[in-house]
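Numbers 442 to 692, taken from my numbering, label the letters of the sequence shown in order.
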Amino acid sequence: VSSRFAAVEQKDQTLTFTSNRVTIDGELIVPRGQSLIVASDTEVSFTLNSCMIIEGDLHIAENARLTLRPAVPGEGWNGIHFRQGGPRVIRNLHVDGVGHGKYQLTCGGVAYTGGVSLYETTVSISDTTIRNSQIEDALHLVRSEARIDRLDINNPQSDCIDADFSVVTIANSSISKCKGDGLDVSGSLLNASKVKIFENGDKNISVGENSRAYITHSLLADSAFGIASKDGSRVYLAGAIIRGNHRGISI
């Protein structure tokens, strides 16, 4: 592990936290070829500007939950970022309070617009929540492929999910109270089924830069726009409910 933390111990290529309540002050990096194992419920607090980079693997046991939060409520921290590689499995993860009210943050010398970032990776995400992000994107995907199930994103300062040049399949999820867009895709393929996207400041779904979006059996409600398509993009709707928006469909 690339860190100075008594909170983490290493045996061969396996990393574990030394306690179920630890504090990180700095950059916690899991290098390629190594795995951080979370076997039981664990809460990790991050001091101001501290962050986590996963180049290897993060394994959370099926009966465990990993909570990542700021050490001082409201002070913020610099997020968790998954870099290249995979396939990865992210489950039972709770992320709270990333960012500082600006539109980007820095971790490992790299500027990110996402509190949770997926860069050039293949990932399965399930039973995960992201709350109160104070950054441009609560979840940001770049040139990645993600299969998402039972994701709850609530109350970020801007967009909930931003996908650039990615393939995203999302189901059984809730995206709400974003100050910006609920789900913003550019140059991407989106398949959304049984997703509730509501009470967002701008578009529930924004489809741009020649994207394709297939939306089935989903709720798009109570926002500025139900769904917007632009830049030669195409949207396919089946069994979707679009209601209570200032404008339902914009093309």
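Think of the CB as a built atom: it goes at the ideal place given N, C-alpha and C, for glycine as much as any other residue.
Run through DSSP, which three-state label would residue i get?
i                 : result
serine 443        : Its pLDDT being 45, under 50, serine 443 is placed unreliably by the model, and the measurement read from it follows with that caveat. DSSP places serine 443 in strand when its eight states are reduced to three.
lysine 452        : strand
cysteine 548      : strand
serine 615        : strand
isoleucine 576    : coil
phenylalanine 666 : strand
arginine 473      : coil
leucine 489       : coil
As a quick exercise: from the options, pick the residue whose alpha carbon is nearest that of residue i.
i             : options                        : result
serine 615    : Gly621, Ser634, Val608, Ala480 : Ser634
glutamate 503 : Thr569, Leu630, Lys671         : Thr569
alanine 654   : Ser629, Ile594, Ser691, Leu509 : Ser629
leucine 559   : Arg684, Asp622, Val608         : Val608
arginine 588  : Ala448, Val564, Asp603, Asn595 : Val564
aspartate 622 : Gly673, Ile692, Gln598         : Gln598
valine 557    : Val648, Ala681, Ile521, Pro514 : Ile521
valine 583    : Thr508, Ile602, Arg532, Gly517 : Ile602
For the beta strand (DSSP E) containing residue i, list its first residue and its last residue.
i              : result
glycine 517    : Careful: glycine 517 lies outside any beta strand (DSSP E) and carries neither H nor E.
glutamate 561  : 555-572
valine 539     : Unbroken run through valine 539: none, as it is neither H nor E.
glutamate 586  : 586-595
serine 647     : 644-649
asparagine 632 : 630-639
alanine 679    : 675-679
Could you check how far apart the C-beta atoms of residue i and residue j are, in whole angstroms? I think they sit under 8 Å.
i              : j             : result
asparagine 573 : aspartate 590 : Asparagine 573 to aspartate 590, Cβ: 22 Å. No contact.
glutamate 640  : aspartate 663 : 5 Å
Just to confirm, is the Cβ distance from residue i to residue j under 8 Å?
i             : j              : result
leucine 546   : glycine 540    : yes
threonine 562 : arginine 529   : yes
alanine 669   : asparagine 686 : no
valine 536    : isoleucine 571 : yes
aspartate 578 : aspartate 593  : no
glycine 549   : isoleucine 494 : yes
threonine 464 : serine 481     : no
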